[in-house]
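*Asks:*
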Amino acid sequence: MEKESLREAYARALISLGEKDERVVVLDADLSTSTKTAKFGEKFPDRFFNIGISEQNMMGVASGLALSGKIVFASSFAVFASGRAWDQVRQSICYNEVNVKIVATHGGITVGEDGATHQSNEDIALMRILPNMKVIVPADSIETEQVIKKVYEEEGPFYVRLSREKFPVLYKDSDYRFEVGKYDVLKDGSDGVIFAIGREVYESLLAAKELEKEGFSLAVVNSSSVKPLDKELIYKYAKKFGKIIVAEEHQKIGGLGAAISEFLSEEIPVIIKKIGVDNIFGFSGKANDLLRYFKLDSEGIYKTIKSWYKI
Amino acid sequence: MYLSNFTSDAKVEKGAYSEELIEKLKRKARKVRIEIVKSIYKAQSGHPGGSLSATDILVALFFYKMHFHPKDLHWKDRDLFVLSKGHGVPALYGVFSELGIIKEEELSHLRQVGSILQGHPDRLKTPGIEASTGSLGQGLSIALGMALSIRLNKSNRKVYVMMGDGEMQEGQIWEAMLKAGNEKLDNLVGIIDYNGIQLDGMVKKIDDLAPLKDKCKAFKWETVEIDGHNFDEILWALDEADKNKGKPFMIIAHTIKGKGVSFMENNPAFHGKAPNEEQYKQALKELGATE
Ligand SMILES: Cc1ncc(C[n+]2csc(CCOP(=O)(O)OP(=O)(O)O)c2C)c(N)n1
Chain L
1 MEKESLREAY ARALISLGEK DERVVVLDAD LSTSTKTAKF GEKFPDRFFN
51 IGISEQNMMG VASGLALSGK IVFASSFAVF ASGRAWDQVR QSICYNEVNV
101 KIVATHGGIT VGEDGATHQS NEDIALMRIL PNMKVIVPAD SIETEQVIKK
151 VYEEEGPFYV RLSREKFPVL YKDSDYRFEV GKYDVLKDGS DGVIFAIGRE
201 VYESLLAAKE LEKEGFSLAV VNSSSVKPLD KELIYKYAKK FGKIIVAEEH
251 QKIGGLGAAI SEFLSEEIPV IIKKIGVDNI FGFSGKANDL LRYFKLDSEG
301 IYKTIKSWYK I
Chain H
312 MYLSNFTSDA KVEKGAYSEE LIEKLKRKAR KVRIEIVKSI YKAQSGHPGG
362 SLSATDILVA LFFYKMHFHP KDLHWKDRDL FVLSKGHGVP ALYGVFSELG
412 IIKEEELSHL RQVGSILQGH PDRLKTPGIE ASTGSLGQGL SIALGMALSI
462 RLNKSNRKVY VMMGDGEMQE GQIWEAMLKA GNEKLDNLVG IIDYNGIQLD
512 GMVKKIDDLA PLKDKCKAFK WETVEIDGHN FDEILWALDE ADKNKGKPFM
562 IIAHTIKGKG VSFMENNPAF HGKAPNEEQY KQALKELGAT E
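The listed protein sequences derive, respectively, from chains L and H.
Counting in the numbering used here, the first sequence runs from 1 upward without gaps.
Counting in the numbering used here, the second sequence runs from 312 upward without gaps.
1. Which runs of the beta strand (DSSP E), 3 residues or longer, sit entirely within the region 459–517 of chain H?
2. Applying the criterion that 16 or more other CB atoms from any shown protein chain within 10 Å of the CB defines a buried residue, is H/Val424 buried or exposed?
3. Strictly below 8 Å CB to CB, what residues from chain H border L/Glu97?
4. Do L/Gly282 and L/Glu248 have their C-beta atoms closer together than 8 Å?
5. Residues of chain L with a CB under 9 Å from the CB of H/Gly445: which are they?
6. Within 10 angstroms of its Cβ, does L/Val185 collect 16 or more other Cβ (buried), or is it exposed?
7. Rounded to whole angstroms, how far is the Cβ of L/Phe40 from the Cβ of L/Phe48, which I believe are closer than 8 Å?
8. Which residue or residues does DSSP assign as beta-bridge partners of L/Ala247?
9. Determine, using beta carbons only, whether H/Ile503 comes closer than 8 Å to chain L.
10. Taking 6 Å as the limit between beta carbons, can you name the residues of its chain near L/Ile102, skipping five residues before and five after?
11. Span of the alpha helix (DSSP H) holding H/Ala564?
12. Report the CB separation of L/Ile260 from L/Val246 in whole angstroms; it is logged as a contact under 8 Å.
13. H/Phe373 and H/Leu410: beta carbons closer than 8 Å?
14. Could you check whether L/Val169 and L/Lys36 sit closer than 8 Å to each other, using their CB atoms as the reference points?
15. CA-CA distance, L/Ile311 and L/Val201?
16. Along the region 52–74 of chain L, what residues have a CB closer than 7 Å to any CB found in chain H?
17. Cβ of L/Ser92 versus every heavy atom of ligand 1: is any distance shorter than 7 Å?
18. So H/Pro359 is in the alpha helix (DSSP H); what residue range does that whole segment cover?
19. For the alpha helix (DSSP H) containing H/Asn578, name the first residue and the last one.
20. Kindly indicate the opening and closing residues of the beta strand (DSSP E) around L/Lys166.
21. Can you check which of these residues, H/Leu549, H/Gly445, H/Val343, is closest to H/Lys570 by C-alpha distance?
22. Helix, strand or coil: which one does DSSP assign to L/Lys182?
23. Output, in sequence order along the chain, the residues in the region 164–175 of chain L whose CB is closer than 7 Å to any CB in chain H.
24. Of all the residues that make up the region 33–51 of chain L, which are near chain H by a beta-carbon distance shorter than 8 Å?
25. Inspect the beta-carbon positions of L/Ala71 and L/Asp28 and report whether they are closer than 8 Å.
26. Is the Cβ of L/Asp30 closer than 8 Å to any Cβ of chain H?
27. Using a C-beta to C-beta distance shorter than 9 Å, which residues of chain H count as neighbours of L/Asp21?
28. Run down chain L in chain order and give the residues with a C-beta less than 8 Å from the C-beta of H/Met605.
29. Regarding H/Ile502 and ligand 1, is the C-beta to nearest heavy atom distance less than 7 Å?
30. For H/Glu331, which three-state DSSP category applies?
31. So H/Glu576 and H/Ser319 are in contact, right, with Cβ under 8 Å, and what is the actual spacing, rounded?
32. Taking only three categories from DSSP, how would you classify L/Val160?
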């Protein structure tokens, strides 16, 4: 399957937004060659600010620019954008309710070789708890471009989580339109459902294919809008199956699975199997080896589901 | 009474500012101080010390220097003010009341449920507030972003931001100091309310800032030190900031925490404590107010 970088897609989308709207400005904190915002900087040097290795200052500057009429994209690695500058995101951005889009790359365990300090498995929890903040995790490059354009159109703070790894391309540009708070059922199923985000969408599709061979029909839902949730669709499947599965490259505590649990537990009794990182830090390794170790690859998902359903 | 000796940089020419103007500013400042004491007493909560030390500077900014329209707060060419030391906001509310931006009556609802006057500045609840602040250390970055936006728009608006001296201990301040200096943002004016006291006690004892002027200069800020309760000097510094080119401008304003109320002056106990009834009456008397 063809693979494409989400970060490159981000840069493409930024440049096209920059071309049509003078108000678009981009900030980075000395990771622009990694996050790819440098490409915007080459094209629009006046509207690109490398703030230096000072994520807290970057979030404040982003707020000030937005308060003065700009539409601001601010990028860094997910671990720093969410963690190092959390209070600044909370107060300068969310409480001020400003038009700042934090686009964080290098989310999840697949950051790989850099190890635990750089693997962000807590960012979704940190960001989704904030009032006024919306949280989006695209599943491929096509969706990334659409998400960037959508968060540009919608007023207010967003946190978009991208990955370091290239992702298999799931969508064609012509046949999919991302909407905030709406999920995409990539494959329907009659025996069970898995809600997945990011890389886990593709891994879930592969797992579903294997399970299909054994007569188990699993629906796979790309749940890129972590906040707000697509409550209608989640409820529909929860009611239909009575148990659901969630897969994410994130701590089970506080992630998408937790968000879905919070919602469903007030609505309907359902058992929720969470596939994610279980209250531990990661470590160095190749992205795929780490996915395997944490049972976040297709085989891990397949085995978890098999044993859970006693197939 | 001053905490430290310093040499003022102010070179005020005789007659530069009319007596009439200075008297007007003094009157306004006295009114604002009374409103600070009243509103904090009524709320039985708030930060009188840092509000009173900041009063004269805020009065000078809003009644002398800044371009804005109290009746058209969103005027696109207005200057901007960010109160980075957000806990000093009762002083700003007092100024807003004097300007007619908020009703004087509102002041008696400070810090109460449903009030438009929050414990710390809230741009979505209070007219005239440009940025919500309260977590110390964040306002300078916000002001820096505003100044960048204004420069991108090729506009000559100015951004003023006030910080506390204790607040200068926050790392983020120095991130922003560094960037603003390197960006040569001469539309950005910082003011440090150098009252020498933070929450727990003396800044000097807890984590000294000296030599503060040298530090600001080393970060490529044009820097002047003045008496933050002398209107001639405050106006001089604000006018100097206009003349300054190619660098951000820092005004280190030496002030007295609790200024105007004898028992609050230089008294860390009144950093974040409301006066009791007896103290309240005494304070109003000293400020020449009738209840
Ligand atoms: C990040 C942060 N830490 C702690 C506080 C609590 N706090 C409120 S005021 C204050 C002292 C501020 O001292 P200074 O900046 O000197 O202000 P001033 O003396 O002018 O009141 C502290 C520690 C806060 N508001 N924000």
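Positions of the beta carbon are idealized from the N, C-alpha and C atoms, including for glycine.
*Replies:* With the given structure in hand:
1. 470–475, 499–505
2. exposed
3. Leu435
4. no
5. Gln91, Tyr95
6. exposed
7. 6 Å
8. L/Ala196, L/Ile275
9. no
10. Contacts found: Ala74, Ala81, Tyr159.
11. Note, H/Ala564: premise wrong, no alpha helix (DSSP H); beta strand (DSSP E) at 560–565.
12. About 6 Å separates the beta carbons of L/Ile260 and L/Val246, which is inside the 8 Å limit, making them a contact pair.
13. Yes, the Cβ-Cβ distance between H/Phe373 and H/Leu410 is below 8 Å.
14. no
15. 22 Å
16. For chain H, the residues of the region 52–74 of chain L that bring a beta carbon within less than 7 Å of one of its beta carbons are Gly52, Ser54, Gln56, Asn57, Gly60, Val61, Ala62, Ser63, Gly64, Leu65, Leu67, Ser68, Gly69, Lys70, in chain order.
17. no
18. Taken as a continuous stretch (DSSP letters only), the alpha helix (DSSP H) holding H/Pro359 covers 359–371.
19. Careful: H/Asn578 lies outside any alpha helix (DSSP H) and carries neither H nor E.
20. 166–168
21. A check of alpha carbon separations from H/Lys570 across H/Leu549, H/Gly445, H/Val343 identifies H/Val343 as the nearest.
22. coil
23. none
24. Residues of the region 33–51 of chain L that bring their beta carbon within less than 8 Å of a beta carbon in chain H comprise Asp46, Arg47, Phe49, Ile51, in sequence order.
25. According to the sequence displayed, residue 71 of chain L carries Ile and not Ala. No, Cβ-Cβ distance for L/Ile71 and L/Asp28 is not below 8 Å.
26. no
27. Within 9 Å Cβ-Cβ: nothing; L/Asp21 doesn't reach chain H, min ~13 Å.
28. Because chain H is modelled from 312 through 602, residue 605 of chain H falls outside the range shown and cannot be assessed.
29. no
30. helix
31. Going by Cβ atoms, the distance from H/Glu576 to H/Ser319 rounds to 20 Å, so no, they are not a contact pair.
32. Here L/Val160 sits in strand by DSSP.
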